[in-house]
Amino acid sequence: DAKTTQPTSMDCAEGRAANLPCNHSTISGNEYVYWYRQIHSQGPQYIIHGLKNNETNEMASLIITEDRKSSTLILPHATLRDTAVYYCIVKLIFGTGTRLQVFP
Amino acid sequence: GAVVSQHPSWVICKSGTSVKIECRSLDFQATTMFWYRQFPKQSLMLMATSNEGSKATYEQGVEKDKFLINHASLTLSTLTVTSAHPEDSSFYICSASGAGPYEQYFGPGTRLTVT
């Protein structure tokens, strides 16, 4: 069973921040949260991961709640090329992901 | 860095034949590789975990005699779909583990169509 739950789909205007939530209420103390995205018919692309502290890299920011039961991936300035399915995963189990549609 | 390749990118085979898919980590050594399967409009499903030099660990419901995995070196793992049937048609994706045990870098996938 998936250890994460995400909204099925979200829309975001180009240039605006996209905030993608993920619930992982059963996460264990030493398990990381990983985020990947998949553009149609390609392999998933690594975005970011974290344990308890907030993280930022050139692609995105990851905000993890203090109780670690949920997190939010933030794409600060979404572009049309960010349209993809975004997966939040714990260990190796993929949930259904969020289909993000960025519109002009 | 952290590039993973797969070969072939797509393959069409006849029912009853076997197909081998290769997964290579091009610029790092991967002690662990993972094989996933993805049906249309569905998420990735982990099939097996492959450690270099040892037998693969299969997920529940995945037939180890049908999906043969060999991880003979730190940069190569192969998945052989034996006696393929149309229901095996799917997108097969491998990943290689990086620095962390669950930090994965994915290959581009192989689309298998069994006729």
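Residue numbers (the working numbering), protein chains in the order written: chain A, 1 to 104; chain B, 1001 to 1115.
All C-beta atoms, glycine included, are put in the ideal place defined by N, C-alpha and C.
Note that the structure is a prediction, hence the values are computed from the model and not measured.
Alpha carbon to alpha carbon, what distance is there between A/K52 and A/E66?
-> 7 Å
Return the residues of the segment 44–66 of chain A that lie within a Cβ-Cβ distance of less than 8 Å from chain B, sorted by chain order.
-> P44, Q45, Y46 and H49
Output yes or no for whether 7 Å exceeds the beta carbon distance between A/G43 and B/I1093.
-> yes
Where the beta strand (DSSP E) containing B/E1022 begins and where it ends | V1019 to S1025
Would you please verify whether the beta carbon of B/G1061 is less than 7 Å from any beta carbon of chain A?
-> no
Taking Cβ-Cβ distances shorter than 8 Å, what residues in chain B pair up with A/G95?
-> S1043
Given B/S1090, which residues of its chain have a CB within under 7 Å of its CB, disregarding the five upstream and five downstream residues?
-> R1037, Q1038, F1039 and L1112
A/L80, buried or exposed, once every other Cβ within 10 Å from all chains shown has been counted against 16 = exposed
What residues in its chain sit with their C-beta under 7 Å from that of B/K1064, if we drop five residues either side in the sequence?
-> Y1058
Drop a sphere of 10 angstroms on the beta-carbon of A/D11, count the other beta-carbons inside from all chains shown, and report buried for 16 or more, exposed for fewer.
-> exposed
Taking only the alpha-carbon atoms, compute the straight-line gap between A/N30 and B/T1017 and give it to the nearest angstrom.
-> 43 Å
Going by the beta-carbon positions, is the gap between B/W1035 and B/L1079 smaller than 7 Å?
-> yes
For a contact meaning CB atoms closer than 8 Å, what does A/Q42 contact in chain C?
-> You won't find chain C in this structure, because its protein chains are A and B.
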